[in-house]
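Residue numbers (the numbering used here): 651 to 864.
No residue lacks a Cβ here, since even glycine has one placed at the ideal position from N, Cα and C.
Notes to accompany the following structure.
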């Protein structure tokens with residue numbers, strides 16, 4: 651338990667070698683995740699055109715469609731970047747790889763919160779999409795506490811600004827925000843525990859490799 655607390659609170663204790671290996675794992679996960687994003691975003695855009703367009707007002711449809719097209723475009727951009735900058739070993743990982751994984755994660759979070767607000771504003775929607783995104787990012791990427799917490803803070807700031815732009819009162823979403831904050835805390839704990847477990851595995855692998863050399 652103490653080791654988990656040290657990793658949770660003091661991510662600077664992670665060595666550069668382990669940090670690069672964690673980044674390499676993020677890179678491998680992004681390779682498959684971005685393809686999944688393209689499939690999901692294409693399906694949503696197709697659903698908009700075939701079904702949603704016939705069910706709601708045209709102006710509201712355009713808002714949904716533009717939001718989903720943004721999702722599709724960025725999914726392609728992320729996929730192209732990941733595949734054209736794919737590396738085979740952690741030794742070839744460069745510093746800029748760290749930023750692309752964080753960018754993908756925070757994009758998924760902000761887009762899902764924005765989409766949830768649109769569904770609430772123009773229908774009987776809720777924050778389920780945002781909750782799903784929170785849980786996915788907590789398992790998917792290996793981020794230290796500062797990085798993941800920063801993403802959550804930026805996402806909630808973005809959400810508050812979006813609510814103001816849509817003239818929605820935060821007081822009307824107190825119950826929803828309590829749930830979101832609870833899920834966010836839960837996702838942060840999950841994220842750090844997954845980070846800790848992977849860090850522990852990599853340390854054991856390093857020790858085994860050292861013993862084999864000896």
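Counting C-beta atoms within 10 angstroms of its own C-beta, residue 835 has fewer than 16 neighbours from the protein chains shown and is therefore classed as exposed.
Contact annotation: residue 824 and residue 810 have beta-carbon atoms that are not nearer than 8 Å. In the DSSP assignment, residue 806 falls within the alpha helix (DSSP H) that extends over 795 to 815. Three or more beta-carbon pairs drawn from the stretch 794 to 814 and the stretch 755 to 771 are found closer than 8 Å, and the two stretches are therefore classed as touching.
No residue range can be given for residue 742, since it is assigned to no alpha helix (DSSP H) and is classified by DSSP as neither H nor E. With a 10 Å radius around the Cβ and a threshold of 16 neighbouring Cβ atoms, residue 712 comes out exposed. Taking C-alpha positions only, residue 695 is separated from residue 780 by approximately 18 Å.
Apart from sequence neighbours up to five positions away, the residues of its chain that approach residue 736 with a beta-carbon distance below 8 Å are 677, 681, ordered along the chain. Shown here for residue 797: same chain residues with a beta carbon closer than 7 Å to its own, the five before and five after excluded, namely 752 in chain order.
Contact between the stretch 727 to 734 and the stretch 768 to 778 is absent, with fewer than three C-beta pairs closer than 8 Å. Cβ-Cβ distances below 8 Å link residue 717 to 761, 764, 765, 768 in the same chain, with the five nearest sequence neighbours on each side left out; the list follows chain order. Cβ neighbours of residue 776 within its own chain (closer than 8 Å, five residues either side excluded): 766, 769, 770, 826.
DSSP places residue 777 in the coil class of the three-state scheme, outside both helix and strand.
Taking 8 Å as the cut-off, the Cβ atoms of residue 842 and residue 675 do not count as close. Less than 8 Å divides the Cβ of residue 684 from the Cβ of residue 732. In the DSSP assignment, residue 704 falls outside any alpha helix (DSSP H) and carries neither an H nor an E. Each of 851, 697, 692, 840 was checked against the Cα of residue 789, and the nearest Cα belongs to 840.
A check of alpha carbon separations from residue 844 across 738, 817, 785 identifies 785 as the nearest. Cβ-Cβ separation between residue 715 and residue 691: approximately 12 Å, too far for a contact (criterion under 8 Å). The C-beta of residue 667 has fewer than 16 other C-beta atoms within 10 Å across all chains shown, which makes the residue exposed. Inclusion of residue 791 and residue 679 in the CB contact set at 8 Å is warranted, their separation being smaller than that value.
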